[in-house]
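Below you'll find the structure, written out as structure tokens, and then a few comments.
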Amino acid sequence: MFEEWQHCMSQFQIFSARQIEALRKGGSILRGCLEEVARAVRPGVTTKELDRHAEEFIRDHPGAKPAFLGYNNYPATLCTSVNDACVHGLPGSRILRDGDIVALDCGVVFGGLYTDACVTVGVGILAEETRQFLAVSRNALDAACAIVKPGTKIGDISSTIQRMVEGSGYSCVRMLTGHGLGTDLHQFPDVPNVGRAGTGPILPAHTIIAIEPITSMGTDDIRELPDGWTIVTADGSLSAHVEHTVLVTEEGCEILA
Ligand code: MF3
Ligand code: CO
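When the sequence shown is numbered by numbering that gives the first Met the number 0, its final residue is 256 and no position is left out of the sequence of numbers.
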């Protein structure tokens, strides 16, 4: 029992004060990037143009690099997942239309350390039911982040997200999870969007995790498009993706990006 616990703990990457400063810097560049790209979202813009904005923004900050570009051969800075796309939407010639939703997912490497964040924004005027769906997804992320402190279990985060999303009649895409990050984009632990409170790895101080509810208005079944990247809902229903990189501090937590 003790050995199992120790094995778990040892897989968390613990960051020094200096590394935490680099993570804060990278995170603030990433937040700035997503704010700028979100402002550029309007009917008529292509997802490729949004990707170019993001890349230019990050490269304008000395020491910062796009984290996704080249990662597993991914060819862009942003993932732009439109409507029924859940994650990994490939930027291209698609033109955004009034009433669409688009998830803008981005990562930054600064000082050798990764931060990862995503916002889902509306294009033009959204249907009321779409607005409500986005609000529930954001509220689930906020509620999950709010409970993060040393001693929080991963299952506490998962169950908070599941309760809020399923309690509003939507579903969590179970195949896709949040994750630890640091010197790599994806590392221990997985942070599922469904689960039981009181279970799973225990968060120590001075670690970071990416919390990322990926939600659907309909089924949680997914399939991959022939482009080899874009994951969509199997029934074509709308999907939202919102993500923060969260630092576990001595007293609680801090949203880095
Ligand atoms: N935010 C995404 C994730 O956590 C990262 C995209 S990975 C890439 O999985 F391959 F598209 F770069
Ligand atoms: Co992520």
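All C-beta atoms, glycine included, are put in the ideal place defined by N, C-alpha and C.
Every value quoted in this text rests on a predicted model; they were computed, and no experiment measured them.
Coarse secondary structure for residue 64, derived from DSSP in three states:
strand
Hey, residue 107 and residue 37 are a contact pair by Cβ (cut 8 Å); roughly how many whole angstroms apart?
No, residue 107 and residue 37 are not in contact; Cβ-Cβ is about 16 Å, not under 8 Å.
Between residue 100 and residue 82, how many whole angstroms is the CB-CB distance? I'm expecting something under 8 Å.
6 Å
Taking 7 Å as the cut-off, is the C-beta of residue 179 nearer than that to any heavy atom in the ligand CO?
no
Go ahead and pull the three-state DSSP assignment for residue 59.
coil
Same chain, Cβ closer than 8 Å to residue 250, neighbours up to 5 away in sequence not counted
148
Assuming residue 90 contacts residue 75 under a Cβ cut-off of 8 Å, what Cβ separation, rounded to an integer in Å, is found between them?
5 Å
So residue 155 is in the alpha helix (DSSP H); what residue range does that whole segment cover?
153 to 166
Any heavy atom of the ligand MF3 closer than 7 Å to the Cβ of residue 243?
no
Strictly by DSSP, which residues pair up with residue 222?
231
Can you give me the C-alpha to C-alpha distance between residue 67 and residue 73, rounded to a whole angstrom?
6 Å
Residue range of the beta strand (DSSP E) that residue 238 falls in?
238 to 240
What did DSSP end up calling residue 119 once you bin it into helix, strand or coil?
strand
DSSP state of residue 86, grouped into three classes?
strand
Quick check: is any heavy atom of the ligand MF3 less than 7 Å from the C-beta of residue 263?
Any property of residue 263 remains undetermined from this structure, which presents the chain solely from 0 to 256.
With 16 other Cβ atoms within 10 Å as the buried cut-off, status of residue 124:
exposed
N- and C-terminal bounds of the beta strand (DSSP E) containing residue 18
Per DSSP, residue 18 belongs to no beta strand (DSSP E); it is in the alpha helix (DSSP H), 16 to 39.
Would the beta-carbon of residue 77 fall within 8 Å of that of residue 50?
yes
Buried or exposed (CB count within 10 angstroms, at least 16 for buried), residue 225
exposed
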